[in-house]
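Colleague: Using the numbering used here, the letters of the sequence shown correspond one by one to residues 934 to 1179. A single structure is presented below for examination.
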Amino acid sequence: MADKILVLVNGARGKMGKESVRAVREAEDMELVAETDVEDVLADAIRDSGAQVVVDFTTPHCAFQNALTIVETGVGGVIGTTGFTPDQIDELEIKCAGKHPGLLIAPNFAIGAVLMMHCARIIARHMPDVEIIELHHPAKLDAPSGTAIKTAELIAQSQARTIVPRGTSEPAARGDRFHGIPVHSVRLPGLLAHQSIIFGAEGQTLTVRHDSINRSCFMPGVLLGIREVLHRKGLIYGLESLLLTE
Ligand code: NAP
């Protein structure tokens, strides 16, 4: 059998970290070589463990620094932590350019969510009026979600839309604008991760909705990312870059 992929999970005590630890342990082609969390020095742990790929599910305030550490230590990265700003993504793209293995940043690892965004791009070409409602558990630190921002970006790209910021006279309850599209964030106990994209046109609406029922839904995407970054160069943004060719 081929050598196993050596994986370090950062944020291993967190909800997504624990799920990733379990998934990597169960994957026959992978070996979990380290679990790190807030008290560890990531660069030291990468070197000491000999990890080839780092999975990061930590917090928005440290994810950019973690990404830099991953790139600087020359290993592959699979980052699911959300909250990256467009400027940070641009900086990482420059830092990673041409570097092997690659760095994958995916705001959503659920295949259903990737397909939801893909469908939204197609629908938006025919029904340009759209709003996004994202709903998450109350412990989520960032709002709106990375998935909602990414969805708005993809829709805007497919429409060549003029970006209109929220007008000062517009009530805050109409949502904040991302890429010109109103986005509404709901945080409630009982929710995990959900999103509705509502398109409206004369006499009709069309809603595309995705629900993450439990965190295991993200793991096939995470494992795919671990396998793929070893064969790729530079920054890969969004799981759709690995799943969809169109
Ligand atoms: P969580 O339960 O709060 O876990 C975060 C973990 O990271 C905690 O154990 C935390 O430790 C640790 N941590 C904090 N700072 C750290 C640092 N500097 N170095 C290493 N570890 C550190 O959060 P979660 O629900 O697992 O979510 C984690 C991230 O993944 C969030 O940004 C969330 O939005 C995102 N997410 C992404 C996807 C996706 O598909 N891409 C899906 C779900 C969630 P302490 O608790 O001690 O601070």
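Heads up, the beta-carbon is just placed ideally off N, CA and C, and yes, glycines get one too.
Distance check for H1143 and G1045, CA to CA, integer angstroms please.
Modeller: If I take the Cα positions, the gap works out to 7 Å.
Colleague: Could you tell me whether the Cβ atoms of M1049 and I1130 are closer together than 8 Å?
Modeller: It is a contact, given that the beta carbons lie within the stated cut-off.
Colleague: Just the Cα atoms here: how many angstroms apart are R1058 and C1052?
Modeller: So the alpha carbons of these two residues sit roughly 10 Å apart.
Colleague: Please work out which residues of its chain come closer than 8 Å, Cβ to Cβ, to A945, disregarding the five sequence neighbours upstream and downstream, and give them in chain order.
Modeller: Result list for A945: K951, S953, V954, E968, T969 and D970, in chain order.
Colleague: In terms of residue numbering, what span does the alpha helix (DSSP H) encompassing N999 cover?
Modeller: First-last of the alpha helix (DSSP H) with N999: P993 to T1006.
Colleague: Starting from T1080, follow the alpha helix (DSSP H) in both directions and report where the run begins and ends.
Modeller: Counting along the chain, the alpha helix (DSSP H) containing T1080 begins and ends at G1079 to Q1092.
Colleague: Check whether the Cβ atoms of E1064 and G1113 lie closer than 8 Å to each other.
Modeller: No; because the gap between Cβ atoms is not below 8 Å, this pair is not in contact.
Colleague: Are the segment 1118-1125 and the segment 1070-1084 in contact at 8 Å, needing three or more beta carbon pairs?
Modeller: Taking 8 Å as the limit for Cβ pairs, the verdict is that the segment 1070-1084 does touch the segment 1118-1125.
Colleague: Check each candidate in D1075, R1160, P1104 and A1043 and name the one with the smallest Cα separation from T991.
Modeller: Measuring from the Cα of T991, the nearest candidate turns out to be D1075.
Colleague: Regarding F997 and the ligand NAP, is the C-beta to nearest heavy atom distance less than 7 Å?
Modeller: No, the Cβ of F997 stays beyond 7 Å of every heavy atom of the ligand NAP.
Colleague: Under 7 Å: does the beta carbon of M1152 sit that close to some heavy atom of the ligand NAP?
Modeller: M1152: no, Cβ never under 7 Å from the ligand NAP.
Colleague: In terms of alpha-carbon separation, which member of N943, L1037, R980 and E1005 lies closest to G1158?
Modeller: Taking only the C-alpha atoms, the option nearest G1158 is L1037.
Colleague: Between the segment 1147-1155 and the segment 1022-1030, can you find at least three pairs of beta-carbon atoms closer than 8 Å?
Modeller: Short answer: they don't touch.
Colleague: Provide the residue(s) that pair with I1038 in DSSP beta bridges, ordered along the chain.
Modeller: DSSP lists I1012 and Y1170 as partners of I1038.
Colleague: Spatial neighbours of R980 within its chain, please: CB distance less than 8 Å, with the 5 preceding and 5 following residues excluded, ordered by chain position.
Modeller: Contacts found: T1006.
Colleague: May I ask you to list the residues that DSSP assigns as paired with Q1137?
Modeller: Per DSSP, A1134.
Colleague: Less than 8 Å between the C-beta atoms of Q1128 and E1067, yes or no?
Modeller: Yes; because the gap between Cβ atoms is below 8 Å, this pair is in contact.
Colleague: In the segment 954-994, which residue ranges form an unbroken beta strand (DSSP E) of at least 3 residues, counting only runs that do not cross its ends?
Modeller: Listed in chain order, they are 963-969 and 986-989.
Colleague: May I have the straight-line CA-CA distance separating T1138 from I1056, to the nearest angstrom?
Modeller: Roughly 11 Å between the two C-alpha positions.
Colleague: Secondary structure at H1112, three-state DSSP: helix, strand or coil?
Modeller: Residue state, collapsed to three classes: coil.
Colleague: Is the beta carbon of N1041 sitting closer than 8 Å to the one on V988?
Modeller: Cβ atoms of N1041 and V988: not closer than 8 Å.
Colleague: Confirm the yes/no value for this check: CB of D970, any heavy atom of the ligand NAP, distance under 7 Å.
Modeller: For the ligand NAP, at least one heavy atom lies less than 7 Å from the Cβ of D970.
Colleague: Quick check on H1059 - is its C-beta less than 8 Å from some C-beta in chain C?
Modeller: Absent from the structure is chain C; it holds one protein chain and no more.
Colleague: Beta carbon of A1039: closer than 7 Å to some heavy atom of the ligand NAP?
Modeller: Under cutoff, so the answer is yes.
Colleague: Within a Cβ cutoff of 6 Å, which residues of the same chain sit near A1081, ignoring the five residues on either side of it in sequence?
Modeller: Excluding positions up to five away in sequence, the list reads I1065, E1067 and V1116.
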